[in-house]
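Asks: Next up is a structure, given as structure tokens.
There are 2 protein chains.
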Amino acid sequence: MRVIQSLRRLQVWRCRMGQQNPRIGFVPTMGALHEGHLSLMRRARKECDLVVVSIFVNPLQFGPAEDLGRYPRTFQADRKACEQAGVDLIFFPQVKDLYPSTFQTSVVVKQLTQRWEGEIRPTHFQGVTTVVTKLLNLVGPHRAYFGQKDYQQYIVIKQLVEDLSLPVTIIRCPTVREADGLAMSSRNRYLGATERELATVLYRALSAGKKAITDGVRSGKKIQQNMMRLCKKHPELSIDYFTVCHPLTLEPLTRVDREAVLLGALRIGKVRLIDNIFAFLGSA
Amino acid sequence: MRVIQSLRRLQVWRCRMGQQNPRIGFVPTMGALHEGHLSLMRRARKECDLVVVSIFVNPLQFGPAEDLGRYPRTFQADRKACEQAGVDLIFFPQVKDLYPSTFQTSVVVKQLTQRWEGEIRPTHFQGVTTVVTKLLNLVGPHRAYFGQKDYQQYIVIKQLVEDLSLPVTIIRCPTVREADGLAMSSRNRYLGATERELATVLYRALSAGKKAITDGVRSGKKIQQNMMRLCKKHPELSIDYFTVCHPLTLEPLTRVDREAVLLGALRIGKVRLIDNIFAFLGSA
Numbered sequence: 010m011r012v013i014q015s016l017r018r019l020q021v022w023r024c025r026m027g028q029q030n031p032r033i034g035f036v037p038t039m040g041a042l043h044e045g046h047l048s049l050m051r052r053a054r055k056e057c058d059l060v061v062v063s064i065f066v067n068p069l070q071f072g073p074a075e076d077l078g079r080y081p082r083t084f085q086a087d088r089k090a091c092e093q094a095g096v097d098l099i100f101f102p103q104v105k106d107l108y109p110s111t112f113q114t115s116v117v118v119k120q121l122t123q124r125w126e127g128e129i130r131p132t133h134f135q136g137v138t139t140v141v142t143k144l145l146n147l148v149g150p151h152r153a154y155f156g157q158k159d160y161q162q163y164i165v166i167k168q169l170v171e172d173l174s175l176p177v178t179i180i181r182c183p184t185v186r187e188a189d190g191l192a193m194s195s196r197n198r199y200l201g202a203t204e205r206e207l208a209t210v211l212y213r214a215l216s217a218g219k220k221a222i223t224d225g226v227r228s229g230k231k232i233q234q235n236m237m238r239l240c241k242k243h244p245e246l247s248i249d250y251f252t253v254c255h256p257l258t259l260e261p262l263t264r265v266d267r268e269a270v271l272l273g274a275l276r277i278g279k280v281r282l283i284d285n286i287f288a289f290l291g292s293a
Numbered sequence: 010m011r012v013i014q015s016l017r018r019l020q021v022w023r024c025r026m027g028q029q030n031p032r033i034g035f036v037p038t039m040g041a042l043h044e045g046h047l048s049l050m051r052r053a054r055k056e057c058d059l060v061v062v063s064i065f066v067n068p069l070q071f072g073p074a075e076d077l078g079r080y081p082r083t084f085q086a087d088r089k090a091c092e093q094a095g096v097d098l099i100f101f102p103q104v105k106d107l108y109p110s111t112f113q114t115s116v117v118v119k120q121l122t123q124r125w126e127g128e129i130r131p132t133h134f135q136g137v138t139t140v141v142t143k144l145l146n147l148v149g150p151h152r153a154y155f156g157q158k159d160y161q162q163y164i165v166i167k168q169l170v171e172d173l174s175l176p177v178t179i180i181r182c183p184t185v186r187e188a189d190g191l192a193m194s195s196r197n198r199y200l201g202a203t204e205r206e207l208a209t210v211l212y213r214a215l216s217a218g219k220k221a222i223t224d225g226v227r228s229g230k231k232i233q234q235n236m237m238r239l240c241k242k243h244p245e246l247s248i249d250y251f252t253v254c255h256p257l258t259l260e261p262l263t264r265v266d267r268e269a270v271l272l273g274a275l276r277i278g279k280v281r282l283i284d285n286i287f288a289f290l291g292s293a
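Shown next, in the form of structure tokens:
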């Protein structure tokens, strides 16, 4: 009999107990798949023996005034796209199966969900962390792939996995953009032609913030103003937030003297868009 | 490529993907092991290839005024007892490893934790469900064993496992009792000689409730009064609750016409004791 005190060593032991199971890569999605999702699937395809994609529009992560009802559902196209990306299995559950009437459990990540998206969408992250925990338990993947576009979501899920010791590695993949810089998103299809053109301002604003940092601006406030300036030219836009923050804690930086992540969120009419970019210092 | 919609079938698929791993049985404990714990280990020993016991006094499940500091810690004796019960591995983590300073995630089961223990110990079940989720993720058992003595805890954990689709079967094992009926508990060792004698009233009260049901009493209120009557003879006791309730929802029954569970909790001085018994109808 052995006694183990360290979590790490327990995990190593548990791992050794398993046989050579196939390596499973998992891409959780809400469907309405675009190039961003497909890049996750291709990455998983390269790194794993089996690729599982879930398609589930998760009601728990939508607020009561949000777009759950009109969220795009395009299963036949999604299925074809998965097939072409070499996916082995699509998990496509029904709401009543994932959340039966007796369902009453939530998974809550506290501090990291207070700011930014969490402030504007108060129940959003609890819905995300609950469904992601459940999907990870069901699929049992070795690796799960998330896009950087939802950067706060990625950070929250990393924390969740660490805190609950979920036996999975979370992989962050680069944001995929349209030719004009707009981050790909299932919600982009809500945009009318004029709105679509206007939408590029989000990435341009973030890029302006990054340029300010490269140009030597160090004040968080000034960098933030730099990003907002571009947006304020367009009264049709409403800004939710722009911020320069620490890439792990997501706390706003008063002074930028190492890596930072620039987060932005705005609304064009009824459509809400988010995006982010990293800014590095010193290595340039 | 396959498409699966049903959770059950996904689980079956996931299962088939694994090779013949050893069956792991898991007994989570807070140490201070007694015959109750040992009966769980023996059951696991019979049913599984490997038996894992965790020993961890979980601070999250103690209230600020509770007995975390003086909770008995008897690792050397526990280790010997595990050895004799044929345990393969003890997981004995440190608080700082299970809950590092960045830890910020909770698992919450809502309705089932409102009443009874949850009402008297408001943060207790959140602490239990959080640590149990984490331990199950770390150990990855096929089966986890819980004593009936903490009946509400068992029901809450069943719900947790169902709601989060944790890949484990929860097994309820009978309460182990002293010769005079007192349910075994690590907290019994707090009892002085006079208190120890008095403590038997809890099981006697529950048994009186069960007898009332067997004798044909159907009113939940009357059965409850039957249980309380015995305790009220002893002013040294303070009753937390006695109730007749539904064995799955834990809602109090106004009329007993099927199975019921009788729950009781009381305090003798600083020591808090809980216990429960089933009452069946019709099959007698």
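The listed protein sequences derive, respectively, from chains Y and S.
My numbering numbers the first residue of the first sequence as 10 and each following residue consecutively.
My numbering numbers the first residue of the second sequence as 10 and each following residue consecutively.
Quick reminder that beta carbons are idealized off the backbone N, C-alpha and C, glycines included.
What are the complete beta strand (DSSP E) segments, minimum 3 residues, inside the segment 118-182 of chain Y?
Replies: The qualifying runs are 152-156, 178-182.
Asks: List the endpoints of the continuous beta strand (DSSP E) containing Gly34(Y).
Replies: In the first sequence, residue 34(Y) corresponds to position 25, counting from 1. Run containing Gly34(Y): 33-38, per the beta strand (DSSP E) assignment.
Asks: Report the residues of the segment 146-163 of chain S with a CB closer than 8 angstroms to any CB of chain A, ordered along the chain.
Replies: As a matter of chain content, chain A is missing from the structure shown, whose protein chains are Y and S.
Asks: Under 9 angstroms, Cβ to Cβ, is there at least one residue of chain Y near Phe71(S)?
Replies: By 1-based counting over the second sequence, the position of residue 71(S) is 62. Closer than 9 angstroms: no.
Asks: So with CB distances below 8 angstroms, who are the chain S contacts of Lys143(Y)?
Replies: Mapped onto the first sequence, residue 143(Y) falls at position 134. In chain order: Asp172, Leu173, Ser174.
Asks: Any residues in the segment 99-120 of chain Y with a beta carbon nearer than 9 angstroms to a beta carbon of chain S? Which ones, in chain order?
Replies: Flagged, chain order: Ile99, Phe100, Phe101, Pro102, Gln103, Asp106, Leu107, Tyr108, Pro109, Thr111, Phe112, Gln113, Thr114, Ser115, Val116, Val117, Val118, Lys119, Gln120.
Asks: Within a Cβ cutoff of 6 angstroms, which residues of the same chain sit near Leu169(S), ignoring the five residues on either side of it in sequence?
Replies: The count along the second sequence starts at 1 and reaches residue 169(S) at position 160. Same-chain partners within the cutoff: Val118, Thr138.
Asks: Quick one: using the 10 Å Cβ neighbour count with 16 as the cut-off for buried, is Pro37(S) buried or exposed?
Replies: Here residue 37(S) refers to the residue found at position 28 of the second sequence. Classification for Pro37(S): buried.
Asks: In the structure shown, what three-state DSSP assignment does Asn30(Y) receive?
Replies: The residue given as residue 30(Y) occupies position 21 in the first sequence. If DSSP states are grouped into helix, strand and coil, Asn30(Y) belongs with coil.
Asks: Please classify Gly273(S) as buried or exposed, where buried requires at least 16 neighbouring CB atoms within 10 angstroms.
Replies: As a first step, residue 273(S) is located in the second sequence; it is residue number 264 there, counting from the start. With 16 or more other Cβ atoms within 10 Å, it is buried.
Asks: Quick check on Asn67(Y) - is its C-beta less than 9 angstroms from some C-beta in chain S?
Replies: If you number the first sequence from 1, residue 67(Y) lands on position 58. Cβ-Cβ to chain S under 9 angstroms: no for Asn67(Y).
Asks: Let me confirm a value: Arg130(S) is counted as buried when at least 16 other C-beta atoms fall within 10 Å, else exposed. Which label applies?
Replies: For the purposes of this step, residue 130(S) is taken as the residue at position 121 of the second sequence. Buried, since its Cβ has 16 or more Cβ neighbours within 10 Å.
Asks: Could I get the ranges of all uninterrupted alpha helix (DSSP H) runs contained in the segment 217-262 of chain Y, with 4 residues as the minimum, in chain order?
Replies: Qualifying alpha helix (DSSP H) stretches, in chain order: 229-241.
Asks: Does the distance from the CB of Gly156(S) to the CB of Leu69(S) come in under 9 angstroms?
Replies: Counted from its first residue, the second sequence places residue 156(S) at position 147. Counted from its first residue, the second sequence places residue 69(S) at position 60. No; because the gap between Cβ atoms is not below 9 angstroms, this pair is not in contact.
Asks: Flag this pair as yes or no: are the beta carbons of Phe287(S) and Leu271(S) separated by less than 9 angstroms?
Replies: Along the second sequence, read from residue 1 onward, the residue named residue 287(S) stands at position 278. Along the second sequence, read from residue 1 onward, the residue named residue 271(S) stands at position 262. Closer than 9 angstroms, so yes.
Asks: For Phe289(S), count the other beta carbons within 10 Å of its own beta carbon; 16 or more makes it buried, fewer makes it exposed. Which is it?
Replies: Within the second sequence, numbered from 1, the residue matching residue 289(S) stands at position 280. Label assigned to Phe289(S): exposed.
Asks: Would you decide whether Gln161(Y) is buried or exposed? Buried here means 16 or more other CB atoms lie within 10 Å of its CB.
Replies: Here the question's residue 161(Y) lines up with position 152 in the first sequence. With 16 or more other Cβ atoms within 10 Å, it is buried.
Asks: Quick check for students: name the residue ranges of the alpha helix (DSSP H) that lie wholly in the segment 37-70 of chain S, counting only runs of 4 or more.
Replies: Fully enclosed alpha helix (DSSP H) runs of 4 or longer: 44-56.
Asks: Tell me Ala90(Y)'s beta-bridge partners as DSSP assigns them.
Replies: In the first sequence, counting from the first residue as 1, residue 90(Y) sits at position 81. DSSP lists no partner for Ala90(Y).
Asks: With respect to the alpha helix (DSSP H) encompassing Val104(S), which residues constitute its N-terminal and C-terminal limits?
Replies: Here residue 104(S) is taken as the residue at index 95 of the second sequence, counted from 1. 104-107 is the span of the alpha helix (DSSP H), which, as asked, contains Val104(S).
Asks: Can you tell which of Asn146(Y), Glu187(Y), Pro176(Y) has its C-alpha closest to the C-alpha of Asp172(S)?
Replies: For the purposes of this step, residue 172(S) is identified with residue 163 of the second sequence, where counting begins at 1. Measuring from the Cα of Asp172(S), the nearest candidate turns out to be Asn146(Y).
Asks: Helix, strand or coil for Val210(Y)? Go by DSSP, reduced to three states.
Replies: Position 201 of the first sequence, counted from the first residue, corresponds to residue 210(Y). Three-state result, Val210(Y): helix.
Asks: Under the assumption that Leu215(S) contacts Leu282(S) (Cβ atoms under 8 angstroms), give the Cβ distance between them as a whole number of angstroms.
Replies: If you number the second sequence from 1, residue 215(S) lands on position 206. If you number the second sequence from 1, residue 282(S) lands on position 273. With a Cβ gap of about 11 angstroms, Leu215(S) and Leu282(S) do not count as contacting.
Asks: With a threshold of 9 angstroms between beta carbons, is Leu49(Y) in contact with chain S?
Replies: On the first sequence, residue 49(Y) is found 40 positions in, with the first residue counted as 1. No, its Cβ sits nowhere closer than 9 angstroms to a Cβ of chain S.
Asks: Counting only beta-carbon separations shorter than 9 angstroms, does Gln168(S) have a partner in chain Y?
Replies: As a first step, residue 168(S) must be located in the second sequence, where it is residue number 159. Closer than 9 angstroms to some Cβ of chain Y, the Cβ of Gln168(S) qualifies, so yes.
Asks: Are the beta-carbon atoms belonging to Thr252(Y) and Gly278(Y) less than 9 angstroms from one another?
Replies: Position 243 of the first sequence, counting from 1, holds the residue named residue 252(Y). Position 269 of the first sequence, counting from 1, holds the residue named residue 278(Y). No, the Cβ-Cβ distance between Thr252(Y) and Gly278(Y) is not below 9 angstroms.
Asks: Does Thr138(S) get closer than 9 angstroms to chain Y when you measure Cβ to Cβ?
Replies: As a first step, residue 138(S) must be located in the second sequence, where it is residue number 129. By this cut-off, Thr138(S) is an interface position.
Asks: What residue does the beta strand (DSSP E) around Gly273(Y) start on, and which one ends it?
Replies: Against the first sequence, residue 273(Y) aligns to sequence position 264. From DSSP, the beta strand (DSSP E) with Gly273(Y) extends over 269-277.
Asks: Figure out for me which residue from Asp284(Y), Tyr80(Y), Gly225(Y), Arg124(Y) has the closest Cα to the Cα of Glu260(Y).
Replies: Working through the first sequence from its first residue, we reach residue 260(Y) at position 251. Nearest C-alpha to Glu260(Y): Arg124(Y).
Asks: By the DSSP assignment, the beta strand (DSSP E) with Asp76(Y) in it spans what residues?
Replies: For this step, residue 76(Y) is matched to residue 67 along the first sequence. Segment: none, Asp76(Y) is in no beta strand (DSSP E) and carries neither H nor E.
Asks: Considering Cα atoms alone, identify which of Ala90(Y), Glu92(Y), Phe100(Y), Leu47(Y) is closest to Phe65(Y).
Replies: Position 56 of the first sequence holds residue 65(Y). The shortest C-alpha separation from Phe65(Y) is found at Phe100(Y).
Asks: Is the segment 35-50 of chain S touching the segment 83-102 of chain S, taking contact as three or more C-beta pairs under 8 angstroms?
Replies: Taking 8 angstroms as the limit for Cβ pairs, the verdict is that the segment 83-102 of chain S does touch the segment 35-50 of chain S.
Asks: Is Asn30(S) close to chain Y? Criterion is C-beta to C-beta, closer than 9 angstroms.
Replies: Along the second sequence, read from residue 1 onward, the residue named residue 30(S) stands at position 21. It does: the Cβ of Asn30(S) has a partner Cβ on chain Y nearer than 9 angstroms.
Asks: What residues are listed by DSSP as bridge partners for Ser195(Y)?
Replies: For the purposes of this step, residue 195(Y) is taken as residue 186 along the first sequence, with counting starting at 1. DSSP output for Ser195(Y) lists no bridge partner at all.
Asks: Going by the CB atoms, is the gap between Val177(Y) and Ala202(Y) shorter than 9 angstroms?
Replies: As a working mapping, residue 202(Y) is identified with position 193 in the first sequence. As a working mapping, residue 177(Y) is identified with position 168 in the first sequence. Their beta carbons are not under 9 angstroms apart, which means Ala202(Y) does not touch Val177(Y) by this criterion.
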